[in-house]
Structure formats: C-alpha cells, structure tokens
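Reviewing the structure listed below.
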Amino acid sequence: ACPQGTKEHESVVSVKSSARFVHAALLAVGAKTGTPVKFDPDYIPASGSVIDVICVWKDEKGVVHTISAQQWITKGRSKKTLEHAWVFAGSGFWTEASTGKKRYYGDDGSLICVSNFPTATMDIAVESTKDNNFLEYHANSSKVPEVRTPVRLILVNRPGEVTKKAPKCLEPNAEIFGDVKKWTEAIEAGKEPPKPKSTEPSQDK
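In terms of the numbering used here, the sequence shown opens at residue 19 and continues consecutively.
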C-alpha cells in the first residue's frame, strides 16, 4: 500500500493518508517502532510492533467483505499467499537542503511494503530477495476486487513487545475478521457498533 500519487504502479492499494500520519496513528494506539531493514555490512531485518492489516470492502451487491492483506499477495507464479506479518519499522526523516524542512521517508510511497526498503513505515521481517527461492510478490488477482473499488485498511497493533523475529500473519478464521465485518455493517447501517469481546487478535506472534 502507498499514499496516493506515489507508487501506485507497484501497489495493490493506494491510500488517501500520508505515511507520516499513519505512523502517528500507530503510535497513538500503542504501537512501538523498531528499526528499518539494514543491508550494510550485513542484512538485519526490519523490527517493530506487529501490525495486522485487514482489508474491508463491499461487493457489487453491497455485501461487506473482510480479509487479511496478505491474502491479496502471492509469491512468484505460485498460488501461495504471503505468510508473514508486517512490523512497524518506523521509516525515518531527512532534511531538505533547499528549505531546511524535515521530510518523512515513508511519504515517498513506502507505507506498507513487501520489498525491503530502509524507508518503509511497515515492512516484513524477512529478506524479500531470498524468501522462497528469490520469488517475487504479485497481486493475487483471484482475491483482489475490481480496480477502483473503495477499500478501507484497518491496522491493528498486535499486543506485545517489539519483535525481532519474523511473525506470521493471522489465520483466515481469526475472530477479528468477523468482528470487523460486524462493526462495518453496523456503521454502514447507522447503528452503534458492537463492543469487541477482546482487544487482542486471536493469533500468537
């Protein structure tokens, strides 16, 4: 996922918010930044709080659907979807020489990444170029809705300490998907959303 007007050519979803505002929102809900990926002198994976990304959209009949963002990504020519969760790497800032203003690296389009970028706000904690025998990631055309379908991305801070491991994504039957669908349906109907049973996604790190 990228902010609008940046890297749509290599993204599945473009969002209306800038990456720096997403960063601030994650901090507000208790997520902790780790560090972006490093390659020199050795590869060190991105780290940070685990962030689950849930896609919500309506089909042509108005039916609400929820799915993990990993289900919209396949590896190489296989039908195997992305199994890794994202971590809150935190990107970074640089100072523009001509104005002296601080700029946020993630605003260049590196919001939610599957290719390891030192500028990423959120990244996967595995070496992309070596994951699964150098296979590249592609949009899962069998799962992704039609182009220009409005999609809401819900970012959920998975409770726990900042991880330095490679966390797995949520299981497809995780309870939170049903909860998000109920909340969305209630909001669409102008009703009070049901209170969640738990604040924690039903998945271990």
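Note that CB positions come from ideal geometry on N, CA and C, so glycine has one too.
A distance of 9 Å or more separates the beta carbons of residue 185 and residue 81. Inter-residue distance for residue 60 and residue 145 is about 12 Å (C-alpha atoms, whole angstroms). Taking 9 Å as the cut-off, the Cβ atoms of residue 49 and residue 111 do not count as close. Between the beta-carbon of residue 129 and that of residue 207 there is about 30 Å, and that puts the pair past the 8 Å contact cut.
By the Cβ neighbour-count rule, residue 41 is buried, with 16 or more other Cβ atoms within 10 Å of its own. Under the criterion of beta carbons closer than 8 Å, residue 85 and residue 73 qualify as touching, at roughly 5 Å. Annotation: the continuous beta strand (DSSP E) that includes residue 120 extends over 120–122. Judged by beta-carbon spacing, residue 65 lies within the 9 Å limit of residue 52, meaning their Cβ atoms are closer than that value. Shown here, residue 196 sits in a helix according to DSSP, grouped into three states. Of the candidates 173, 131, 89, 54, the residue whose Cα lies closest to the Cα of residue 46 is 173. Here the segment 118–134 lies against the segment 21–28, with 3 or more beta-carbon pairs under 8 Å apart. If you draw a straight line from the Cα of residue 137 to the Cα of residue 54, it comes to about 7 Å.
In this structure, the alpha-carbon of residue 198 lies about 26 Å from that of residue 97.
A direct Cα-Cα distance of roughly 11 Å separates residue 70 from residue 195. In the three-state DSSP reduction, residue 141 falls in the strand class (E or B).
Going by beta carbons, residue 202 and residue 176 fall outside the 9 Å limit.
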